[in-house]
Amino acid sequence: LQNPHREGKVNAKLLWKRKLEDVVYGAVNKEKITILYGARQSGKSTLSGMIIGRLINDGVAAADVYYFSMDTLEYQELFAYPSDLLNFIKKQGGDLTVGKKIYLILDEAQKIKEVGLYLKNLADLNLPLSILATGSSSLLLRAKTKEHMTGRKREFTLTPLTFAEILENKNGFPKETKNLFEEYLLYGGYPAVVLGQDKQTEILKIHQDYIQKDITDFLKIDDPLAFNKLVSALAFQTANLVN
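Just so you know, we're using the numbering used here here: the sequence shown kicks off at 1 and counts up by one.
Okay, here's the thing in structure tokens:
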């Protein structure tokens with residue numbers, strides 16, 4: 001279900017052209033490990049799908065591309081040890097001995113236990129593997145990969161849509177550029193918000209996810225409500241002295 005490209009279902013026409021796509025694609029073809037940071041809902045999974053589509057369009061066999069979302073509990077068990085993953089690939093018919101490269105896309109990679117050490121061990125095996133690891137919790141993924149991955153990875157940060165990217169994909173919008181810019185200033189560039197009809201509801205969903213999953217889980221904030229009030233107070237006092 002998470003790997004429709006294995007059944008020939010590659011979506012060649014994707015909604016957004018992202019400026020980061022070409023450099024990430026180049027790194028995936030060249031480096032052993034590429035890490036893509038970014039806020040929730042900024043488009044990392046969509047960009048991963050674009051990378052998969054380009055790999056297959058450029059001649060990589062669909063069977064040599066594996067996508068795993070760490071939000072799925074059964075996959076988390078598969079990533080307990082590198083040997084478990086390699087045995088799984090072999091059972092799927094993947095051959096890591098003849099020099100043909102295997103591509104791994106690991107979504108929400110920060111949920112892998114000791115992910116920095118895990119990726120280092122994979123890289124040190126010198127197998128024909130190319131790994132693209134993404135993480136919504138940028139703080140957590142950076143913290144877990146910094147110690148073990150120095151000099152072994154290329155890093156990129158995907159922001160929400162820039163206004164230039166919105167204009168580049170403007171054909172899907174009936175609105176004038178001025179109206180688009182006013183909306184962008186007011187609501188920002190999260191893809192779900194840009195495309196959504198009820199933009200305030202979409203922003204609220206993203207905000208709640210951030211508070212519940214990142215702030216509470218990673219920073220271990222005991223009182224999320226008080227933290228939320230603090231952030232609101234800071235937002236209203238930008239560039240001013242905070243009491």
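Note that the Cβ used here is the ideal one computed from N, Cα and C, for glycine as well.
- With contacts defined as CB atoms closer than 7 Å, I33 and K153 qualify as a contacting pair.
- Here the region 77–91 does not lie against the region 41–61, with fewer than 3 beta-carbon pairs under 8 Å apart.
- Note on G93: under 16 other CB atoms within 10 angstroms of its CB, so exposed under the neighbour-count rule.
- A Cβ-Cβ contact shorter than 7 Å links A62 with I56.
- Across the set G53, F181 and K91, the C-alpha of G53 shows the shortest separation from the C-alpha of R6.
- If you draw a straight line from the Cα of A133 to the Cα of D209, it is about 21 Å long.
- Rounded to whole angstroms, the Cβ separation of I35 and Y67 is 16 Å, and the two are not in contact under 8 Å.
- In the three-state DSSP reduction, A61 falls in the coil class, being neither helix nor strand.
- For a cut-off of 8 Å, the C-beta gap from K30 to E168 is around 25 Å, too long to register as a contact.
- Taking all protein chains shown into account, P224 has fewer than 16 neighbouring C-beta atoms within 10 Å of its C-beta and is therefore exposed.
- The beta-carbon distance between L86 and L96, rounded to whole angstroms, is 7 Å. This is short enough to meet the 8 Å contact definition.
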